[in-house]
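Those letters in the sequence shown? Residues 158 to 473, by our numbering. Backbone N, C-alpha and C define an ideal beta-carbon position, used for all residues, glycine too. Treat the numbers as computed from the prediction; the structure is a model and nothing was measured. Read the structure below first, then the notes.
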Amino acid sequence: MTHPTSSGPRHAILREVGLRDGLQSVATIVPTAAKLQWIRDAYDAGEREIEVGSFVPPRLLPQLADTAEVLAFAQTLPGLKASVLVPNLKGAERAIECKAEAMLLPLSASYKHSLANLRKTPEEVVADIARIRDARDAMGAKTKIEIGISTAFGCTIQGDVPEDEVVRLVKAVLDEGVDAVGLADTVGYADPAQVKRLYEKVLRVAGDKLDCAHFHDTRGLGLANCFAAWEMGIRRFDASIAGIGGCPHAPGASGNVAMEDAAYMFASMGVDTGLDFDRLIALRGRVGQWLQGEALHGNVWRAGLPKTMKKEAEHA
Ligand code: ZN
């Protein structure tokens, strides 16, 4: 099976990660009821993939302590693919028990980041992933295992992350039978030329199992990097409403690519995302109320859609 190229399908999936990647990086604890409304509104705006939280110990991330409840609600919405992040086997077992459609496991391509964050080498994380796959299969569960290769484009601790190391780790997890792999620019170091180069290399070993791009807009290149990945044939992108999130090591840094800006970019290119721009902007306003005092990001909300595409968007 060949991977779609830029001449392939003209539709893209934007997965909302604000409830996980966004909320884990801000101090405010959003009440569960607000999270459920957030998911409902995102769903009504056309979102069909949402990362709803993370099964980590609540003492580490009290913001995400209600993940099981939030996931249960997301599972009531027809056609919504709800995923959770899991850092280890214990978290994976909870995701499986809760019948999550997919669980995302981070694997840091930076040796030093891996040690600092998880106190494990990348090799040890690959071994954990194999155990998680065994546990899933032994339970006869259908939860998909998706690996996010974090710090794939550089690391705040280690600096350069060799491209060959990213390729090697992707091969290693595919050999362990994972379902999908994505590349993540965890710290906002990537540039579009690098994105094209690394996706090309990884696509050679992963084919259509490499199906996601996760960029942070820390230095303003988030959308440019999404476009570069799109050009390489990638059709799934992580984004968060209002670009919420950040980085504890970089005060003031933006979070993920803003969902509404990504929706605008793809719509302006004639790419169907199934998203309703006005509803996304309305949701953005509510998220701003739930996150009083936290920094919001993104650009399009200020000026709205240009006159030249307003009609099309209304018809979409
Ligand atoms: Zn991230």
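Report whether the distance from the Cβ of Asp178 to the nearest heavy atom of the ligand ZN is below 6 Å.
On the sequence shown, position 21 is the one that residue 178 refers to. Checking every heavy atom of the ligand ZN against the Cβ of Asp178, one is found closer than 6 Å.
Look up Cys255 in the DSSP assignment and give the residues it is bridged to.
Stepping through the sequence shown from its first residue, residue 255 is reached at position 98. Its beta-bridge partners do not exist; DSSP assigns none.
Using C-beta distances below 8 Å, list every residue in its chain close to Lys464, excluding the 5 sequence neighbours before and after it, in chain order.
Working through the sequence shown from its first residue, we reach residue 464 at position 307. Closer than 8 Å at the Cβ level, and outside the excluded window around Lys464, lies no residue.
Beta-carbon proximity of Gly412 to Ile401, cut-off 7 Å:
What you label residue 412 is simply residue 255 of the sequence shown in a count that begins at 1. What you label residue 401 is simply residue 244 of the sequence shown in a count that begins at 1. Contact flag set, yes.
With respect to the alpha helix (DSSP H) encompassing Leu355, which residues constitute its N-terminal and C-terminal limits?
Numbered from 1 along the sequence shown, position 198 holds the residue referred to as residue 355. Taken as a continuous stretch (DSSP letters only), the alpha helix (DSSP H) holding Leu355 covers Pro349 to Ala363.
Is Gln220 buried or exposed, if buried means 16 or more other CB atoms sit within 10 Å of its CB?
To locate residue 220, count along the sequence shown from 1; it is residue 63. The residue is buried, with at least 16 neighbouring Cβ atoms inside 10 Å.
Which residue wins for smallest C-alpha separation from Ala147, given the options Leu275, Val209, Val323 and Leu437?
Residue 147 lies beyond the stretch modelled for the chain, which goes from 158 to 473, so this question has no answer here.
Every unbroken beta strand (DSSP E) inside the stretch 196 to 274 [3 residues or more]
Listed in chain order, the complete beta strand (DSSP E) runs (minimum 3 residues) inside the stretch 196 to 274 are 206 to 211, 238 to 242 and 259 to 265.
Unbroken alpha helix (DSSP H) run spanning Val174, endpoints:
Translated into positions along the sequence shown, residue 174 becomes position 17. Per DSSP, Val174 belongs to no alpha helix (DSSP H) and is neither H nor E.
Excluding sequence positions up to five away, which residues of its chain have a Cβ less than 7 Å from the Cβ of Ile314?
By one-based count along the sequence shown, residue 314 stands at place 157. Within its own chain, the residues whose Cβ lies closer than 7 Å to the Cβ of Ile314, once the five positions on either side in sequence are excluded, are Ser267, Lys269, His270 and Ala273, listed in chain order.
Keeping to the same chain, check which residues put their C-beta closer than 7 Å to that of Val352; ignore five residues upstream and five downstream.
What you label residue 352 is simply residue 195 of the sequence shown in a count that begins at 1. Only Asn382, Ala385 and Ala386 meet the Cβ criterion.
Cα separation between Gly379 and Asp336?
Counted from its first residue, the sequence shown places residue 379 at position 222. Counted from its first residue, the sequence shown places residue 336 at position 179. Just so you know, the alpha carbons of Gly379 and Asp336 end up roughly 26 Å apart.
Can the beta-carbon of Ala231 be found closer than 7 Å to that of Ile196?
Along the sequence shown, one-based indexing puts residue 231 at 74. Along the sequence shown, one-based indexing puts residue 196 at 39. Yes, these two residues count as a Cβ contact at 7 Å.
Host alpha helix (DSSP H) of Phe310 (start-end):
Here residue 310 refers to the residue found at position 153 of the sequence shown. Taken as a continuous stretch (DSSP letters only), Phe310 belongs to no alpha helix (DSSP H), as it is neither H nor E.
Beta bridge counterpart(s) of Gly402 as assigned by DSSP
Here the question's residue 402 lines up with position 245 in the sequence shown. DSSP, once it has assigned bridges, lists no residue as partnering Gly402.
For the structure I just gave you, are there three or more beta carbon pairs, one from the stretch 353 to 370 and one from the stretch 278 to 288, closer than 8 Å?
Not touching, per the Cβ criterion.
Suppose you measure from the CA of Thr343 to the CA of Glu322; what does that come to, to the nearest Å?
In the sequence shown, residue 343 corresponds to position 186, counting from 1. In the sequence shown, residue 322 corresponds to position 165, counting from 1. Approximately 16 Å, taken between the alpha carbons.
First through last residue of the beta strand (DSSP E) which encompasses Ala341:
Working through the sequence shown from its first residue, we reach residue 341 at position 184. That run of the beta strand (DSSP E) goes Ala337 to Asp342.
If you follow the alpha helix (DSSP H) that Arg288 is part of, which residue opens it and which one closes it?
Looking up residue 288 in the sequence shown gives position 131. Arg288: member of the alpha helix (DSSP H) spanning Pro279 to Ala295, first to last residue.
With a 10 Å radius around its C-beta and 16 neighbouring C-beta atoms as the bar for buried, classify Pro166 as buried or exposed.
Translated into positions along the sequence shown, residue 166 becomes position 9. With fewer than 16 neighbouring CB atoms inside 10 Å of its own CB, Pro166 falls in the exposed class.
Tell me, please, which residues DSSP counts as bridged to Phe423.
Position 266 of the sequence shown, counted from the start, is the residue given in the question as residue 423. According to DSSP, which records beta bridges pairwise, Phe423 is partnered with nothing at all.
Using a 10 Å radius around the Cβ and a threshold of 16 neighbouring Cβ atoms, would you call Arg276 buried or exposed?
For the purposes of this step, residue 276 is taken as residue 119 along the sequence shown, with counting starting at 1. Around the beta-carbon of Arg276, fewer than 16 other beta-carbon atoms lie within 10 Å, marking it exposed.
Name the DSSP bridge partner or partners of Asp332?
As a first step, residue 332 is located in the sequence shown; it is residue number 175 there, counting from the start. Bridge partners of Asp332: none, in fact.
Name, in chain order, the residues that DSSP records as bridge partners for Ile170.
Taking the sequence shown and counting its residues from 1, one reaches residue 170 at position 13. Under DSSP, Ile170 takes part in a beta bridge, and its partners are Arg393.
On the CB-based measure, 16 or more other CB atoms within 10 Å of its CB, does Ala252 come out buried or exposed?
Position 95 of the sequence shown, counted from the start, is the residue given in the question as residue 252. Taking all protein chains shown into account, Ala252 has 16 or more neighbouring C-beta atoms within 10 Å of its C-beta and is therefore buried.
Quick check on Arg392: buried or exposed, where buried means 16 or more other Cβ atoms within 10 Å of its Cβ?
Along the sequence shown, one-based indexing puts residue 392 at 235. Arg392 comes out buried.
Boundaries (first-last residue) of the alpha helix (DSSP H) holding Asp476
For residue 476 there is no data in the structure shown, the boundaries of the chain being 158 and 473.
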